[in-house]
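Engineer: 57 is the number of the first residue of the sequence shown in our numbering; add one for each residue after it.
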Amino acid sequence: MATIANNLQLVRNRIQAACAQTGRPADSVTLLAVSKTFPAVTVRDAFHAGQRCFGENYVQEALDKIAELADLREQITWHLIGPLQSNKTRVVAEHFDWVQSVDRLKIAQRLSEQRPPHLPPLQVCIQVNTSGEDSKSGVTPGEALPLAQAVAALPRLQLRGVMALPAPSPDSVVQADALAQVRVVFEQLRAAGLPLNVLSMGMSADLEAAVAQGSTMVRVGTALFGQR
Ligand SMILES: *Cc1c(COP(=O)(O)O)cnc(C)c1O
């Protein structure tokens, strides 16, 4: 518990310093705590240390944690950041607040149809893959605008922005370039008139570089919870 509170403070300090470095307000970057593989009790500790937004990769694991933490449901915002298959869209539409990994219209359509009417619209991001063959998840930069426009038209979804996980590089110039490419896609969608305000990129190892490239949401696992 003490460790998680300490780690949270360290990560918040890193975000603050990165914002200061680039002249951005400290509150312009949201911290998403990535709790995949860690038990519900660890999420509860982070909650008691003040953290409210949590990201999960695996649907069933997340559903179990959401159920275990039902008493905190109103106060926690749950983000799905891992790949989503068609047969899991209903439970995701019913239990999550955000899905950042939308990369196919069919998945978005199902989420919209299956989002229960008593809940607010599901908040979504388009996942963009700027690094070519490195990962199968995410649309290419060229596919992002048509998908974003189609997703924005769905009634029960609210399109918020773009998510990416550029392949890490030991070369800081290569890394900055990969992050900048994501930002370009984000700016293109905004220039096309989509009212987006979330650029989700940056993890434990590269959050400073991501903030420098305009990230508004960093997704941090290891630096908060330890090695998986
Ligand atoms: C696991 C994961 C993270 C967190 O990565 P860390 O290096 O542990 O901070 C962020 N985003 C996605 C999509 C992930 O799968």
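For every residue, glycine included, the Cβ atom is placed at its ideal position computed from N, Cα and C.
1. Name, in chain order, the residues that DSSP records as bridge partners for Thr86.
2. Out of Leu161, Gln72, Glu243, Gln77, which has the shortest C-alpha to C-alpha gap to Val85?
3. Hey, could you find the ends of the beta strand (DSSP E) Gly111 is sitting in?
4. Is the stretch 94-111 touching the stretch 121-136 in the sense that three or more CB pairs, one from each, lie closer than 8 Å?
5. Could you check the C-alpha separation between Ser157 and Ser187 for me, to the nearest Å?
6. Are Val207 and Asp159 closer than 8 Å when you measure CB to CB?
7. By how many angstroms is the C-alpha of Trp134 removed from the C-alpha of Gln107?
8. Flag this pair as yes or no: are the beta carbons of Gln179 and Arg212 separated by less than 8 Å?
9. Would you say Asn62 touches ligand 1, meaning its beta carbon is less than 7 Å from a heavy atom?
10. In the DSSP output, what is Ser157 paired with across the bridge?
11. Closer than 6 Å by C-beta to Phe152: which residues in its own chain qualify, once you throw out the five before and the five after it? Chain order, please.
12. What do you reckon, is the C-beta of Ile137 under 7 Å from a heavy atom of ligand 1?
13. Comparing the CB of Ala279 with every heavy atom of ligand 1, is any distance shorter than 7 Å?
14. Which first and last residues belong to the alpha helix (DSSP H) in which Arg146 is found?
15. Report the three-state DSSP secondary structure of His104 (helix, strand or coil).
16. Work out the CA separation of Leu245 and Leu201 for me, nearest whole Å.
Structural biologist: So, from the data block:
1. Beta-bridge pairing links Thr86 to Met273.
2. For Val85, the closest alpha carbon among the candidates Leu161, Gln72, Glu243, Gln77 is that of Gln72.
3. 109-112
4. yes
5. 16 Å
6. no
7. 12 Å
8. Their beta carbons are not under 8 Å apart, which means Gln179 does not touch Arg212 by this criterion.
9. no
10. Bridge partners of Ser157: none, in fact.
11. Trp134, Leu136
12. yes
13. yes
14. 145-151
15. helix
16. So the alpha carbons of these two residues sit roughly 6 Å apart.
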